[in-house]
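There are 4 protein chains.
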Amino acid sequence: EKASQLQTQRDSLSQKLQETELRNTELECQLLDLEQRLENRRLESESFRKSLRSLLELLDGKIFQLTELRDSLAKLMESDSS
Amino acid sequence: EKASQLQTQRDSLSQKLQETELRNTELECQLLDLEQRLENRRLESESFRKSLRSLLELLDGKIFQLTELRDSLAKLMESDSS
Amino acid sequence: EKASQLQTQRDSLSQKLQETELRNTELECQLLDLEQRLENRRLESESFRKSLRSLLELLDGKIFQLTELRDSLAKLMESDSS
Amino acid sequence: EKASQLQTQRDSLSQKLQETELRNTELECQLLDLEQRLENRRLESESFRKSLRSLLELLDGKIFQLTELRDSLAKLMESDSS
Chain A
827 EKASQLQTQR
837 DSLSQKLQET
847 ELRNTELECQ
857 LLDLEQRLEN
867 RRLESESFRK
877 SLRSLLELLD
887 GKIFQLTELR
897 DSLAKLMESD
907 SS
Chain B
827 EKASQLQTQR
837 DSLSQKLQET
847 ELRNTELECQ
857 LLDLEQRLEN
867 RRLESESFRK
877 SLRSLLELLD
887 GKIFQLTELR
897 DSLAKLMESD
907 SS
Chain C
827 EKASQLQTQR
837 DSLSQKLQET
847 ELRNTELECQ
857 LLDLEQRLEN
867 RRLESESFRK
877 SLRSLLELLD
887 GKIFQLTELR
897 DSLAKLMESD
907 SS
Chain D
827 EKASQLQTQR
837 DSLSQKLQET
847 ELRNTELECQ
857 LLDLEQRLEN
867 RRLESESFRK
877 SLRSLLELLD
887 GKIFQLTELR
897 DSLAKLMESD
907 SS
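Here it is as structure tokens:
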């Protein structure tokens with residue numbers, strides 16, 4: 827009688843363990859997937875930021891060239907006596 | 827004798843189940859943490875993008891105003907007969 | 827006889843004087859016209875220059891605003907940790 | 827007696843003619859000077875205008891390049907899905 831009870835307990839535990847291990851595997855898959863998405867997001871962000879930095883440097887150049895043009899105009903107006 | 831063997835199996839399963847459930851809880855915590863980080867990343871990205879969009883609109887305005895200034899200069903040079 | 831010679835000289839001188847005075851009047855008209863054109867040219871130049879100076883100040887403003895925009899973009903990129 | 831009167835008239839006319847011719851020469855000098863100043867003014871104006879035209883073309887170029895930069899930023903923001 828006690829053996830039968832122990833066997834029932836063992837089977838129940840064995841099944842619950844299987845279920846828990848399955849859930850474990852699922853969670854590990856989800857974790858891997860999320861880590862992959864975070865890493866992709868990070869790489870995209872880095873590439874986006876690199877492009878932005880290039881645009882910022884281009885903008886710096888344009889502002890510098892506009893300032894040179896402005897100085898040329900100011901000098902032209904000073905030099906002209908007409 | 828058989829009861830003693832079943833009891834050993836049951837205890838072993840019970841311990842393994844505990845360990846697996848613990849691992850499960852850890853994985854769920856990690857998942858929650860990653861999901862939170864992804865969501866934060868998404869909100870930061872959205873806010874960053876919104877700021878960028880404002881700067882793009884400002885840039886549009888500046889380019890439009892520079893074009894108006896350029897047209898004023900062109901008209902001034904055409905109108906002037908000296 | 828001498829009186830007749832003197833009269834001829836007087837008449838010739840009188841005619842030459844008339845011609846020279848006419849030429850004088852023409853030259854004075856041309857001078858007045860040129861002086862007027864120079865003055866008009868000067869006023870046009872002054873007005874043109876005033877307009878140019880306004881455009882130069884506008885350009886200064888635009889360059890300043892582009893620099894502010896550039897600084898906002900740079901700060902945005904620094905603050906963003908994503 | 828009449829000869830003496832005629833001689834006085836002739837001398838008076840001769841002196842007036844000299845004065846008028848001198849005034850003529852002065853006026854012609856002034857005219858030449860003014861014409862030279864107008865021509866110098868015209869050449870300066872032309873050179874000034876040529877320089878302004880170059881600056882206008884430079885400004886066109888800068889506005890075009892800022893517009894390209896703006897389009898690059900807009901495309902970057904559209905392409906980015908993060």
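From first to last, the protein sequence lines are chains A, B, C and D.
Just so we're aligned, residue 827 is where the first sequence starts under our numbering, counting upward by one.
Just so we're aligned, residue 827 is where the second sequence starts under our numbering, counting upward by one.
Just so we're aligned, residue 827 is where the third sequence starts under our numbering, counting upward by one.
Just so we're aligned, residue 827 is where the fourth sequence starts under our numbering, counting upward by one.
Yeah, the Cβ is synthetic: ideal placement off N, Cα and C, and Gly gets one too.
Owing to the predicted nature of the structure, the values given are computational and were not obtained by experimental measurement.
For the pair the segment 847-861 of chain D and the segment 867-875 of chain A, tell me if three or more CB-CB distances fall below 8 Å.
no
Reducing DSSP to helix, strand and coil, say where L857(D) ends up.
helix
Compute the Euclidean distance between the alpha carbons of R896(B) and L860(A), then round it to the nearest angstrom.
52 Å
Considering only the beta carbon of each residue, do L832(A) and Q856(B) sit closer than 8 Å?
no
Compare the C-beta of L869(C) with all C-beta atoms of chain G and state if any pair is closer than 8 Å.
This model lacks chain G altogether, as its protein chains are A, B, C and D.
Classify K828(C): buried if its beta carbon has 16 or more other beta carbons within 10 angstroms, exposed otherwise.
Counting the other Cβ atoms within 10 Å of the Cβ of K828(C) gives fewer than 16, which makes it exposed.
Can you pull out the residues from the segment 872-889 of chain D whose beta carbon lies closer than 8 Å to at least one beta carbon of chain A?
F874, S877, L878, L881, L884, L885, K888: these are the residues of the segment 872-889 of chain D whose beta carbon lies less than 8 Å from some beta carbon of chain A, given in chain order.
Chain C partners of R849(D), CB-CB under 7 Å?
Ordered by position in chain C, the residues that pass the 7 Å Cβ test against R849(D) are N850.
Taking buried to mean at least 16 other C-beta atoms within 10 Å of its own C-beta, is K888(A) buried or exposed?
It counts as buried.
Taking only the alpha-carbon atoms, compute the straight-line gap between M903(D) and T893(A) and give it to the nearest angstrom.
28 Å
If we define contact as Cβ-Cβ less than 8 Å, is L839(D) a contact residue for chain B?
no
If you measure from the beta carbon of S898(C) to each beta carbon in chain B, is any gap under 8 Å?
yes
Run through DSSP, which three-state label would E827(C) get?
coil
Rounded C-alpha distance that separates S880(B) from K901(D):
One Cα belongs to S880(B), the other to K901(D), and the distance between them is close to 15 Å.
Taking a contact to mean a Cβ-Cβ separation below 8 Å, would you say L839(D) touches R836(C) in this structure?
Against a cut-off of 8 Å, the Cβ pair of R836(C) and L839(D) comes out as a contact.
Given a threshold of 16 other Cβ atoms within 10 Å of its Cβ, counted over all protein chains shown, does L848(C) qualify as buried or as exposed?
exposed
With 8 Å as the threshold, decide whether the Cβ of L864(D) is near any Cβ in chain A.
Output row for L864(D): interface = no.
Residue from Q891(D), L882(D), T834(D), S877(D) whose Cα sits closest to the Cα of D886(A)
Q891(D)
Just to confirm, is the Cβ distance from L899(A) to R863(B) under 8 Å?
no
Quick check: is the beta carbon of L853(B) nearer than 8 Å to any beta carbon in chain A?
yes
Can a CB atom of chain D be found closer than 8 Å to the CB of E894(C)?
No, E894(C) lies away from the interface with chain D (no Cβ there is under 8 Å from its Cβ).
Hey, would you say T846(B) sits closer than 8 Å to T846(A), going by beta carbons?
yes
Does chain C have any CB closer than 8 Å to the CB of L832(B)?
Not one chain C Cβ lies under 8 Å of L832(B).
In chain A, what lies closer than 7 Å to Q835(B) by C-beta?
For Q835(B), the chain A residues whose Cβ falls inside 7 Å of its Cβ are R836, in order along the chain.
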